[in-house]
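Per numbering that gives the first Met the number 0, the very first residue in the sequence shown carries number 0; after that it's consecutive. Here is the structure we will look at, set down as C-alpha coordinates.
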Amino acid sequence: MSEANEACATLFCSAEAQSDSDPRCAPSCKCGRYEFSEPDYNEQDAYALRSWRLLNPPKPLPSNPFDETPAQDDDSPAYCAAIPVDPSPTARTYRLKTFPTERAARAAGGQVTHRGRCGACSSFQDLATYIERRNLNRAGRRCGMRGMFGDKTQLSCLENLGFTEACAQIWSFNIENTRSKCMGTCAATAPTKHKLPDGSLNACLACDEVNSGPTFKAFAGRTRRRSGLSSGIARPCLDAQGKRAVFPVQHYYLTRSSR
(Lines of atoms letter the chains of each structure in order from A and count residues from 1; the text may use other names and numbers.)
(Lines give C-alpha, C1' and ligand atoms only; values in the text may rest on other atoms or scores of the structure.)
Protein backbone atom coordinates (compact mmCIF):
# COMPACT_ATOMS: atom_id res chain seq x y z
CA MET A 1 0.00 0.00 0.00
CA SER A 2 1.36 3.45 -0.90
CA GLU A 3 2.36 6.04 1.70
CA ALA A 4 -0.51 8.22 0.48
CA ASN A 5 -3.03 5.48 1.24
CA GLU A 6 -1.49 4.76 4.63
CA ALA A 7 -2.35 8.36 5.53
CA CYS A 8 -5.87 8.09 4.09
CA ALA A 9 -8.66 7.60 6.62
CA THR A 10 -10.60 4.94 4.71
CA LEU A 11 -10.55 2.16 2.16
CA PHE A 12 -13.40 2.11 -0.34
CA CYS A 13 -15.88 -0.80 -0.13
CA SER A 14 -19.62 -1.43 -0.08
CA ALA A 15 -21.63 -1.02 3.11
CA GLU A 16 -22.40 -4.75 3.02
CA ALA A 17 -18.69 -5.57 3.17
CA GLN A 18 -17.79 -3.25 6.05
CA SER A 19 -18.17 -5.82 8.83
CA ASP A 20 -16.21 -8.49 6.93
CA SER A 21 -13.33 -6.38 5.70
CA ASP A 22 -10.69 -3.95 6.90
CA PRO A 23 -12.02 -1.78 9.77
CA ARG A 24 -11.22 1.31 7.69
CA CYS A 25 -13.47 0.04 4.90
CA ALA A 26 -16.50 2.22 4.04
CA PRO A 27 -18.48 3.35 0.97
CA SER A 28 -16.70 6.69 1.19
CA CYS A 29 -13.26 8.26 0.89
CA LYS A 30 -11.79 10.80 3.29
CA CYS A 31 -8.28 11.75 2.29
CA GLY A 32 -7.47 15.30 3.28
CA ARG A 33 -9.34 17.64 0.94
CA TYR A 34 -10.61 14.71 -1.09
CA GLU A 35 -13.91 13.48 0.32
CA PHE A 36 -16.53 11.42 -1.47
CA SER A 37 -19.52 9.43 -0.22
CA GLU A 38 -21.18 6.97 -2.56
CA PRO A 39 -24.94 7.57 -2.81
CA ASP A 40 -27.21 4.78 -1.59
CA TYR A 41 -28.43 3.62 -5.00
CA ASN A 42 -31.47 1.36 -5.17
CA GLU A 43 -33.54 -0.66 -7.66
CA GLN A 44 -35.40 2.45 -8.82
CA ASP A 45 -32.12 4.11 -9.75
CA ALA A 46 -31.07 1.05 -11.76
CA TYR A 47 -34.48 0.95 -13.44
CA ALA A 48 -34.20 4.63 -14.37
CA LEU A 49 -30.81 3.99 -15.96
CA ARG A 50 -32.14 1.07 -17.99
CA SER A 51 -34.96 3.24 -19.33
CA TRP A 52 -32.46 5.23 -21.41
CA ARG A 53 -31.54 4.13 -24.94
CA LEU A 54 -28.00 4.63 -26.23
CA LEU A 55 -27.90 5.87 -29.83
CA ASN A 56 -24.21 5.11 -30.44
CA PRO A 57 -23.57 1.78 -28.70
CA PRO A 58 -20.09 0.27 -29.00
CA LYS A 59 -19.66 -2.37 -31.67
CA PRO A 60 -18.95 -5.97 -30.63
CA LEU A 61 -15.25 -6.63 -30.22
CA PRO A 62 -13.88 -8.20 -33.43
CA SER A 63 -11.18 -10.19 -31.60
CA ASN A 64 -9.71 -10.88 -28.20
CA PRO A 65 -7.70 -7.76 -27.22
CA PHE A 66 -5.69 -9.80 -24.71
CA ASP A 67 -4.13 -11.68 -27.63
CA GLU A 68 -2.52 -8.43 -28.77
CA THR A 69 0.22 -6.35 -27.13
CA PRO A 70 -0.79 -5.84 -23.48
CA ALA A 71 -2.22 -2.40 -22.82
CA GLN A 72 -0.46 -0.06 -20.43
CA ASP A 73 -2.22 2.03 -17.81
CA ASP A 74 -3.19 5.28 -19.53
CA ASP A 75 -2.95 8.25 -17.16
CA SER A 76 -3.90 10.84 -19.78
CA PRO A 77 -7.00 12.79 -18.72
CA ALA A 78 -10.23 11.62 -20.31
CA TYR A 79 -13.86 11.60 -19.22
CA CYS A 80 -16.81 9.70 -20.66
CA ALA A 81 -19.96 11.81 -20.68
CA ALA A 82 -23.59 11.11 -21.47
CA ILE A 83 -25.22 13.71 -23.71
CA PRO A 84 -29.04 13.62 -23.76
CA VAL A 85 -30.57 13.72 -27.24
CA ASP A 86 -34.24 13.45 -26.35
CA PRO A 87 -34.80 13.30 -22.58
CA SER A 88 -38.60 13.18 -22.88
CA PRO A 89 -40.25 10.27 -21.01
CA THR A 90 -41.34 8.63 -24.27
CA ALA A 91 -37.86 8.70 -25.84
CA ARG A 92 -35.05 9.03 -23.28
CA THR A 93 -32.20 8.77 -25.77
CA TYR A 94 -28.56 9.73 -25.27
CA ARG A 95 -25.09 9.48 -26.76
CA LEU A 96 -21.73 8.82 -25.16
CA LYS A 97 -18.65 10.88 -25.97
CA THR A 98 -15.12 11.13 -24.59
CA PHE A 99 -13.89 14.56 -23.50
CA PRO A 100 -10.45 15.76 -22.35
CA THR A 101 -11.85 17.57 -19.30
CA GLU A 102 -14.98 17.61 -17.16
CA ARG A 103 -15.48 21.25 -18.08
CA ALA A 104 -15.49 20.41 -21.80
CA ALA A 105 -18.09 17.72 -21.16
CA ARG A 106 -20.36 20.13 -19.30
CA ALA A 107 -19.91 22.81 -21.99
CA ALA A 108 -21.18 20.31 -24.58
CA GLY A 109 -24.28 19.60 -22.49
CA GLY A 110 -22.93 16.31 -21.18
CA GLN A 111 -22.81 14.76 -17.74
CA VAL A 112 -19.70 12.76 -16.89
CA THR A 113 -20.54 9.13 -16.14
CA HIS A 114 -17.03 7.84 -15.46
CA ARG A 115 -13.37 8.79 -15.65
CA GLY A 116 -11.49 7.42 -18.67
CA ARG A 117 -12.43 7.03 -22.30
CA CYS A 118 -15.84 5.64 -23.24
CA GLY A 119 -15.68 1.92 -23.95
CA ALA A 120 -17.53 -1.38 -24.09
CA CYS A 121 -19.05 -1.04 -20.59
CA SER A 122 -19.85 2.69 -20.56
CA SER A 123 -23.59 2.42 -21.26
CA PHE A 124 -26.25 3.11 -18.64
CA GLN A 125 -27.36 -0.53 -18.95
CA ASP A 126 -23.93 -1.71 -17.86
CA LEU A 127 -23.86 0.95 -15.14
CA ALA A 128 -27.18 -0.41 -13.85
CA THR A 129 -25.66 -3.90 -13.72
CA TYR A 130 -22.73 -2.61 -11.67
CA ILE A 131 -25.17 -0.95 -9.27
CA GLU A 132 -27.41 -4.02 -8.96
CA ARG A 133 -24.57 -6.52 -8.47
CA ARG A 134 -22.13 -5.45 -5.80
CA ASN A 135 -20.13 -8.68 -5.95
CA LEU A 136 -19.37 -9.14 -9.64
CA ASN A 137 -16.15 -10.87 -8.66
CA ARG A 138 -18.17 -13.82 -7.35
CA ALA A 139 -20.63 -13.73 -10.26
CA GLY A 140 -17.73 -13.57 -12.70
CA ARG A 141 -16.17 -16.65 -11.13
CA ARG A 142 -19.44 -18.55 -11.60
CA CYS A 143 -19.54 -17.56 -15.26
CA GLY A 144 -15.89 -18.52 -15.54
CA MET A 145 -16.74 -22.01 -14.28
CA ARG A 146 -19.38 -22.26 -16.99
CA GLY A 147 -16.69 -21.26 -19.46
CA MET A 148 -15.25 -24.73 -19.02
CA PHE A 149 -18.18 -25.84 -21.21
CA GLY A 150 -17.36 -23.33 -23.95
CA ASP A 151 -16.91 -19.63 -24.62
CA LYS A 152 -20.55 -19.15 -25.70
CA THR A 153 -21.80 -20.55 -22.39
CA GLN A 154 -19.55 -18.15 -20.49
CA LEU A 155 -20.62 -15.18 -22.63
CA SER A 156 -24.32 -16.03 -22.20
CA CYS A 157 -23.82 -16.21 -18.45
CA LEU A 158 -22.34 -12.71 -18.41
CA GLU A 159 -25.10 -11.31 -20.62
CA ASN A 160 -27.65 -12.86 -18.24
CA LEU A 161 -26.12 -10.80 -15.45
CA GLY A 162 -27.37 -7.74 -17.35
CA PHE A 163 -24.33 -6.70 -19.38
CA THR A 164 -24.59 -5.50 -22.98
CA GLU A 165 -22.99 -7.67 -25.64
CA ALA A 166 -19.76 -5.67 -25.92
CA CYS A 167 -19.33 -5.41 -22.15
CA ALA A 168 -20.00 -9.13 -21.69
CA GLN A 169 -17.33 -9.78 -24.32
CA ILE A 170 -14.58 -7.84 -22.58
CA TRP A 171 -15.53 -9.46 -19.27
CA SER A 172 -15.37 -12.88 -20.93
CA PHE A 173 -11.99 -12.17 -22.52
CA ASN A 174 -10.75 -10.89 -19.14
CA ILE A 175 -11.84 -14.13 -17.45
CA GLU A 176 -10.09 -16.21 -20.12
CA ASN A 177 -6.87 -14.22 -19.78
CA THR A 178 -6.88 -14.44 -15.98
CA ARG A 179 -7.60 -18.16 -16.19
CA SER A 180 -4.61 -18.57 -18.48
CA LYS A 181 -2.20 -16.37 -16.52
CA CYS A 182 -3.35 -16.89 -12.93
CA MET A 183 -5.03 -20.31 -12.62
CA GLY A 184 -2.37 -21.81 -10.36
CA THR A 185 -2.21 -18.71 -8.19
CA CYS A 186 -5.99 -18.44 -7.85
CA ALA A 187 -6.43 -22.15 -7.12
CA ALA A 188 -4.23 -21.71 -4.07
CA THR A 189 -6.03 -18.57 -2.84
CA ALA A 190 -9.06 -18.64 -0.52
CA PRO A 191 -11.85 -17.03 -2.63
CA THR A 192 -13.43 -15.12 0.28
CA LYS A 193 -10.27 -13.45 1.62
CA HIS A 194 -9.76 -10.56 -0.77
CA LYS A 195 -7.05 -8.77 1.17
CA LEU A 196 -3.93 -9.62 3.13
CA PRO A 197 -3.35 -8.32 6.69
CA ASP A 198 -1.29 -5.41 5.33
CA GLY A 199 -4.25 -4.29 3.20
CA SER A 200 -2.88 -5.45 -0.15
CA LEU A 201 -4.88 -7.64 -2.55
CA ASN A 202 -4.61 -11.40 -2.25
CA ALA A 203 -2.37 -13.17 -4.76
CA CYS A 204 -5.23 -14.10 -7.12
CA LEU A 205 -6.70 -10.59 -7.35
CA ALA A 206 -3.22 -9.08 -7.63
CA CYS A 207 -2.41 -11.44 -10.52
CA ASP A 208 -5.64 -10.46 -12.29
CA GLU A 209 -4.99 -6.76 -11.75
CA VAL A 210 -1.46 -6.94 -13.16
CA ASN A 211 -2.12 -9.28 -16.10
CA SER A 212 -5.67 -8.32 -17.09
CA GLY A 213 -6.42 -4.94 -15.49
CA PRO A 214 -4.79 -2.52 -17.97
CA THR A 215 -6.31 -4.15 -21.08
CA PHE A 216 -9.71 -4.48 -19.41
CA LYS A 217 -9.77 -0.79 -18.46
CA ALA A 218 -8.59 0.27 -21.92
CA PHE A 219 -11.45 -1.54 -23.66
CA ALA A 220 -14.22 -1.54 -21.03
CA GLY A 221 -13.96 2.15 -20.19
CA ARG A 222 -16.16 1.88 -17.13
CA THR A 223 -14.91 0.22 -13.97
CA ARG A 224 -16.33 0.45 -10.47
CA ARG A 225 -13.84 2.89 -9.03
CA ARG A 226 -13.80 4.97 -12.22
CA SER A 227 -17.58 5.24 -11.70
CA GLY A 228 -17.51 5.98 -7.96
CA LEU A 229 -19.02 2.57 -7.16
CA SER A 230 -17.92 0.37 -4.29
CA SER A 231 -17.76 -3.42 -4.17
CA GLY A 232 -17.19 -6.19 -1.66
CA ILE A 233 -13.43 -5.78 -2.12
CA ALA A 234 -11.85 -3.00 -0.07
CA ARG A 235 -9.76 -0.85 -2.40
CA PRO A 236 -7.52 2.18 -1.81
CA CYS A 237 -9.06 5.61 -2.30
CA LEU A 238 -5.78 6.90 -3.76
CA ASP A 239 -3.40 5.40 -6.27
CA ALA A 240 0.34 4.93 -5.77
CA GLN A 241 0.95 8.55 -6.86
CA GLY A 242 -1.55 9.88 -4.33
CA LYS A 243 -4.15 10.72 -6.98
CA ARG A 244 -7.85 9.88 -6.65
CA ALA A 245 -8.45 6.22 -7.52
CA VAL A 246 -12.19 6.56 -6.85
CA PHE A 247 -13.79 9.09 -9.17
CA PRO A 248 -16.43 11.19 -7.34
CA VAL A 249 -19.52 10.97 -9.52
CA GLN A 250 -23.24 10.56 -8.81
CA HIS A 251 -25.42 8.69 -11.26
CA TYR A 252 -28.62 10.69 -11.43
CA TYR A 253 -29.36 11.71 -15.01
CA LEU A 254 -32.20 14.19 -15.50
CA THR A 255 -34.41 12.10 -13.23
CA ARG A 256 -33.24 13.15 -9.82
CA SER A 257 -31.10 15.94 -8.45
CA SER A 258 -27.52 15.18 -7.49
CA ARG A 259 -27.08 15.16 -3.76
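Idealized CB from N, CA, C, for every residue including glycine. Just so we're clear, the structure is a prediction, and the values are computed from it rather than from any experiment.
Worksheet entry | Proximity of residue 246 and residue 114 at Cβ, strictly below 8 Å | Here residue 246 refers to the residue found at position 247 when the sequence shown is read from its first residue. Here residue 114 refers to the residue found at position 115 when the sequence shown is read from its first residue. Yes.
Worksheet entry | Residue interval of the alpha helix (DSSP H) (run including residue 124) | Walking along the sequence shown from the start, residue 124 turns up at place 125. Taken as a continuous stretch (DSSP letters only), the alpha helix (DSSP H) holding residue 124 covers 123-131.
Practice prompt. Spatial neighbours of residue 94 within its chain, please: CB distance less than 8 Å, with the 5 preceding and 5 following residues excluded, ordered by chain position.
Written response: Here residue 94 refers to the residue found at position 95 of the sequence shown. Within the same chain, and ignoring the five residues on either side of residue 94 in sequence, the residues whose Cβ sits closer than 8 Å to its Cβ are 53, 54, 55, 81, 82 and 84.
Practice prompt. Could you please give me the residues that DSSP links to residue 53 through a beta bridge?
Written response: Indexing the sequence shown from 1 puts residue 53 at position 54. Answer is 93, bridged to residue 53.
Item to complete: Go to residue 58, then tell me how far its beta strand (DSSP E) extends in each direction, as first and last residue.
Response: On the sequence shown, residue 58 is found 59 positions in, with the first residue counted as 1. DSSP places residue 58 in no beta strand (DSSP E); its state is neither H nor E.
Worksheet entry | Inter-residue CB distance, residue 233 and residue 47 (contact presumed, cutoff 8 Å) | Here residue 233 refers to the residue found at position 234 when the sequence shown is read from its first residue. Here residue 47 refers to the residue found at position 48 when the sequence shown is read from its first residue. Contact between residue 233 and residue 47 is ruled out by a C-beta separation of about 28 Å, above the 8 Å threshold.
Practice prompt. Look at the alpha carbon of residue 88 and the alpha carbon of residue 205, and state the distance between them as a whole number of angstroms.
Written response: As a working note, residue 88 is residue 89 in the sequence shown. As a working note, residue 205 is residue 206 in the sequence shown. Their backbone Cα atoms lie some 44 Å apart in a straight line.
Discussion item. Can you look up residue 156 in the DSSP assignment and give me helix, strand or coil?
Written reply: Against the sequence shown, residue 156 aligns to sequence position 157. The answer is helix: DSSP assigns residue 156 an H, G or I state.
Worksheet entry | Alpha carbon of residue 161 to alpha carbon of residue 125, nearest angstrom | Here residue 161 is taken as the residue at index 162 of the sequence shown, counted from 1. Here residue 125 is taken as the residue at index 126 of the sequence shown, counted from 1. Whole-angstrom Cα-Cα distance: 7 Å.
Item to complete: Compare the beta carbon distance of residue 130 and residue 228 with 8 Å and say whether it is the shorter of the two.
Response: On the sequence shown, position 131 is the one that residue 130 refers to. On the sequence shown, position 229 is the one that residue 228 refers to. In contact: residue 130 and residue 228 (Cβ atoms closer than 8 Å).
Fill in: Option nearest residue 248 by Cα separation, candidates 10, 96 and 37
Taking the first residue of the sequence shown as position 1, residue 248 is located at position 249. Closest option to residue 248, judged by alpha-carbon separation, among 10, 96 and 37: 37.
Worksheet entry | Buried/exposed call for residue 167, threshold 16 Cβ in 10 Å | Residue mapping note: residue 167 aligns to position 168 of the sequence shown, counting from 1. Around the beta carbon of residue 167, 16 or more other beta carbons sit within 10 angstroms, so the residue counts as buried.
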